[in-house]
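Protein sequences, first through last, are from chains P and E.
Under numbering that gives the first Met the number 0, the first residue of the first sequence carries the number 0, and numbering increases by one thereafter.
Under numbering that gives the first Met the number 0, the first residue of the second sequence carries the number 0, and numbering increases by one thereafter.
C-beta: ideal position from N, C-alpha, C; glycine also.
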Amino acid sequence: MRNVKPEPYCDAVNIFGALRESLQPISAIETHLFAYLSCILGLWRGQPLSNWGYSFVVTSEGFPYSADFEDARAELVPRGLVKVDGDGRLLPCEKELERERDDYFSAERWIERRTLSEAAVSCALAFPIGSVRFAISQSPGMRIANTLQQRSALFSELDVENIYNEYAIVRDAIEGDTNDLLSPAVVWLSARLLDNEVDSAVA
Amino acid sequence: MKKTYVVHVLSAFGEEGRVAVDRLHDGIVQLYSFCPPDLLKHPLVVCSPLHASPTEPLSVKLGSPVFCATAKSAAVEVEKKTAKSECFVELCVDGTFRVVSLGDAEIDLSEFAALSIIYRFEHDTDRIIFEGYDEFVPKVHSSLKSSFARPTYSSLEEVFADYTETAANSQCRILAPVWEEGVDGPRLVLVNRPESIMRNSLSQALSMMLGGEASVRPEQNVDETKPVDIRVEWHGSDASALIEIKWLGRSTAKPTTETGSPYRDYGVARAREGSKQLADYMDRNLKGERRIKPKGYHVVFDARRNNIGGPTDRVTKSDGLHFLSDEIEYIPNHSEIRDDFGPYVRFFMRPRESHFKAV
Numbered sequence: 000m001r002n003v004k005p006e007p008y009c010d011a012v013n014i015f016g017a018l019r020e021s022l023q024p025i026s027a028i029e030t031h032l033f034a035y036l037s038c039i040l041g042l043w044r045g046q047p048l049s050n051w052g053y054s055f056v057v058t059s060e061g062f063p064y065s066a067d068f069e070d071a072r073a074e075l076v077p078r079g080l081v082k083v084d085g086d087g088r089l090l091p092c093e094k095e096l097e098r099e100r101d102d103y104f105s106a107e108r109w110i111e112r113r114t115l116s117e118a119a120v121s122c123a124l125a126f127p128i129g130s131v132r133f134a135i136s137q138s139p140g141m142r143i144a145n146t147l148q149q150r151s152a153l154f155s156e157l158d159v160e161n162i163y164n165e166y167a168i169v170r171d172a173i174e175g176d177t178n179d180l181l182s183p184a185v186v187w188l189s190a191r192l193l194d195n196e197v198d199s200a201v202a
Numbered sequence: 000m001k002k003t004y005v006v007h008v009l010s011a012f013g014e015e016g017r018v019a020v021d022r023l024h025d026g027i028v029q030l031y032s033f034c035p036p037d038l039l040k041h042p043l044v045v046c047s048p049l050h051a052s053p054t055e056p057l058s059v060k061l062g063s064p065v066f067c068a069t070a071k072s073a074a075v076e077v078e079k080k081t082a083k084s085e086c087f088v089e090l091c092v093d094g095t096f097r098v099v100s101l102g103d104a105e106i107d108l109s110e111f112a113a114l115s116i117i118y119r120f121e122h123d124t125d126r127i128i129f130e131g132y133d134e135f136v137p138k139v140h141s142s143l144k145s146s147f148a149r150p151t152y153s154s155l156e157e158v159f160a161d162y163t164e165t166a167a168n169s170q171c172r173i174l175a176p177v178w179e180e181g182v183d184g185p186r187l188v189l190v191n192r193p194e195s196i197m198r199n200s201l202s203q204a205l206s207m208m209l210g211g212e213a214s215v216r217p218e219q220n221v222d223e224t225k226p227v228d229i230r231v232e233w234h235g236s237d238a239s240a241l242i243e244i245k246w247l248g249r250s251t252a253k254p255t256t257e258t259g260s261p262y263r264d265y266g267v268a269r270a271r272e273g274s275k276q277l278a279d280y281m282d283r284n285l286k287g288e289r290r291i292k293p294k295g296y297h298v299v300f301d302a303r304r305n306n307i308g309g310p311t312d313r314v315t316k317s318d319g320l321h322f323l324s325d326e327i328e329y330i331p332n333h334s335e336i337r338d339d340f341g342p343y344v345r346f347f348m349r350p351r352e353s354h355f356k357a358v
């Protein structure tokens, strides 16, 4: 294997492994979206950002992007875990991904990351992928960078504080199981999509 | 903030509910990728059981369900059945589908709501039903027929609506050179053979506004046997559209004889001829690799003026805007009589008001 970091590689394996039929094939940029959402869910779970293992920037086109994650994601193709179709879109090889997970990522710390990736992919099923992209583009840090149409680093101290604050509001509103990540994630995304209708029943 | 249905499902059914709602989302999105909601003539019900065995599906209570191993084959059944009546799809835990037509019978969804998460699509609304819960899902975007479908034809029609203003004022940089005397002139006479300019301008607008959802390809319009100017293919869906462009009004032309006119004039007959050509082509056109036959759209750039002369002449306001609201009557109206023909589109291209002649 080329020199890729284990954290983004683990996330890439988990994200492709969690893709349901309706999300396949997927574009490379969409996988970065899920990696970024996984990281936000990790913050909600109390994971320090410094432990995440890789960082993100927002591109001038308004997508979250991680160079480390891109290296890891690209590595899945020559390793036979992901196929590329005629349009350059990506298809998971389910059995091979499962085997990779069993071989390398069965320890506790990796299983926690798998939960985050699966929740990120799961809540994306509740909305069209374009809407998820839009909702994430309105999240703390992303919104300002998108307005300025500039490439910039994500997760400044202020961004992280805003993400924690928003999670506190969502968690109080749903009064749900604190281990459940899917509910707050769906509420968080819906609130952005239905900005003017936050008092309505959403999703 | 009221709770989302996902929150309700999880608090009511726990992990079993999460699995069922995940399966429901995945199933609906898959079905719509092969059979967009635009094609549904009657309501669709999709049911994701909490714990039914595939050997004893809930749908047997409604008749004899058709077994479908894949979403693609289920979508074929759905399209067929919803052409006549409401249709019920059960998403089995083994990933297979059961499809049953409900005929004229009124079904009591509450019987199923105790055992499953139910989705119902009717009149462009999404509704989620399970025990103790029955709510409509707010739309995430007004252009979407359903919040669970990747936007296809409805988004295309919305782009046409948005582009109307661009074409009216020739605002797009690609479209600007379509006028003799340029976009800052009176905008009365089009340049010789303006089709490719119009095609490139509309293609660019479609590419930008459909975002990454679809690929937009300008095509070479060879002759009337292949009148397609732009092909749109949505990713993750079998939906595709063929767009044919015609222009009306006066353009400059290369005279073929010494006494020939230096202009070419096209009126309503040209639009009707285009409509017929597209309909004929749609009749001949094979599906290609996609399961769903493409939908045809006939688009007219309307630059007609009354009492028009040359490119630098002036017209009165009343002559310049004479055809502003003159919708073209198509006989036959293919968009009304066939399913694979979208609504007719007309972009009226306005003259420059500052060049109007005083009455």
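Whose CA, out of the options, lies closest to the CA of residue i?
| i | options | result |
| --- | --- | --- |
| I14(P) | S116(P), N2(P), D101(P), D70(P) | S116(P) |
| L89(P) | D10(P), L157(P), E29(P), N178(P) | E29(P) |
| Y8(P) | L48(P), S49(P), E69(P) | E69(P) |
| F129(E) | A240(E), G94(E), R271(E), V45(E) | V45(E) |
| Q29(E) | L323(E), L9(E), F340(E), G94(E) | G94(E) |
| S130(P) | I127(E), D133(E), R149(E) | R149(E) |
| V18(E) | R192(E), A51(E), N191(E), S32(E) | A51(E) |
| D282(E) | G259(E), R337(E), R230(E) | R337(E) |
| G131(E) | H7(E), N284(E), S169(E) | H7(E) |
| G309(E) | L189(E), P254(E), N284(E) | L189(E) |
| V358(E) | R313(E), E335(E), G62(E) | R313(E) |
| C122(P) | L40(P), A71(P), E6(P) | L40(P) |
| E335(E) | S274(E), H122(E), C34(E) | S274(E) |
| S136(P) | K4(P), T58(P), E20(P) | T58(P) |
| I162(P) | A184(P), E107(P), N178(P), I173(P) | A184(P) |
| V77(E) | T69(E), F87(E), A68(E) | F87(E) |
What does the alpha-carbon distance come out to for the pair residue i and residue j?
| i | j | result |
| --- | --- | --- |
| D177(E) | F346(E) | Contrary to the premise, residue 177(E) reads as Val rather than Asp in this sequence. So the two alpha carbons sit approximately 14 Å from each other. |
| R44(P) | S206(E) | 39 Å |
| A74(E) | F147(E) | 15 Å |
| P393(E) | Y280(E) | The shown model of chain E, from 0 to 358, leaves out residue 393(E), and the question about it has no answer. |
| Y265(E) | A175(E) | 20 Å |
| S138(P) | R191(P) | 8 Å |
| M0(E) | N332(E) | Below a pLDDT of 50, predicted positions are generally treated as unreliable, and M0(E), at 40, falls in that range; no measurement from the model is reported. |
| I360(E) | K316(E) | What the structure shows of chain E is the stretch from 0 to 358, and residue 360(E) is not part of that stretch, so it cannot be assessed. |
| F135(E) | S189(P) | 14 Å |
| S100(E) | E85(E) | 6 Å |
| N2(P) | L22(P) | 29 Å |
| R170(P) | S151(P) | 29 Å |
| R172(E) | M197(E) | 11 Å |
| I27(E) | K79(E) | 17 Å |
| K245(E) | A166(E) | 14 Å |
| A238(E) | V98(E) | 22 Å |
| N195(P) | A118(P) | Because N195(P) carries a pLDDT of 35, less than 50, the predicted location of this residue cannot be relied on, and the following value inherits that uncertainty. Whole-angstrom Cα-Cα distance: 26 Å. |
| E179(E) | T258(E) | 21 Å |
| R126(E) | V59(E) | 23 Å |
Quick one: what's got a C-beta closer than 8 Å to residue i's C-beta in the same chain, skipping five residues either side?
| i | result |
| --- | --- |
| R132(P) | E29, L32, F62 |
Between residue i and the rest of its own chain, which residues show a CB-CB distance below 6 Å, the 5 nearest in sequence each way excluded?
| i | result |
| --- | --- |
| F55(P) | Y35, P63, S65, L153 |
| I327(E) | V267, A270 |
| P166(P) | It is Tyr, not Pro, that sits at residue 166(P) in the sequence shown. Closer than 6 Å at Cβ, skipping near neighbours: W43. |
| V215(E) | S202, L205, S206, V231 |
| D325(E) | none |
| S169(E) | A175, V182 |
| C38(P) | W51 |
| F340(E) | G295, H333, S334 |
Using C-beta distances below 7 Å, list every residue in its chain close to residue i, excluding the 5 sequence neighbours before and after it, in chain order.
| i | result |
| --- | --- |
| G79(P) | C92, E95 |
| F120(E) | P36, L39, P42, L43, S145 |
| L23(E) | V45, S47, L90, I116, Y118 |
| F111(E) | C46, L57, I117 |
| I25(P) | L18, R88, L89 |
| D161(E) | M208 |
| L48(P) | L42, F154, V159 |
Any heavy atom of the ligand COA inside 7 Å of the beta-carbon of residue i?
| i | result |
| --- | --- |
| P24(P) | With respect to the ligand COA, the structure offers nothing, as it holds no ligand at all. |
* Asked: Is it a yes or a no for the segment 245–256 of chain E touching the segment 300–309 of chain E, going by three-plus beta-carbon pairs under 8 Å?
  -> yes
* Should the segment 52–63 of chain E be regarded as contacting the segment 7–14 of chain E, the criterion being three or more beta carbon pairs within less than 8 Å? -> no
* Using a Cβ-Cβ cut-off of less than 7 Å, give me the residues of the segment 112–127 of chain P that come near chain E, in sequence order. => S121, L124, A125, F126, P127
* Within 7 Å of chain P by C-beta, residues of the segment 16–38 of chain E in sequence order -> R17, D21, H24, D25, V28, Q29, S32
* Taking one C-beta from the segment 184–196 of chain E and one from the segment 349–358 of chain E each time, how about it: are there three or more such pairs within less than 8 Å? -> yes
* Asked: Does the segment 309–320 of chain E come close enough to the segment 103–117 of chain E to have 3 or more Cβ pairs within less than 8 Å?
  -> no
* Asked: Which residues, in chain order, does the segment 29–42 of chain P contribute to contact with chain E at a C-beta distance below 9 Å?
  -> E29
* To do: Report the residues of the segment 4–16 of chain E with a CB closer than 7 Å to any CB of chain P, ordered along the chain.
  => Y4, V5, V6, L9, S10
* Asked: Which residues, taken in chain order from the segment 173–193 of chain P, show a beta carbon closer than 8 Å to some beta carbon of chain E?
  -> I173, G175, D176, D179, L181, S182, V185, V186, S189, A190, L192, L193
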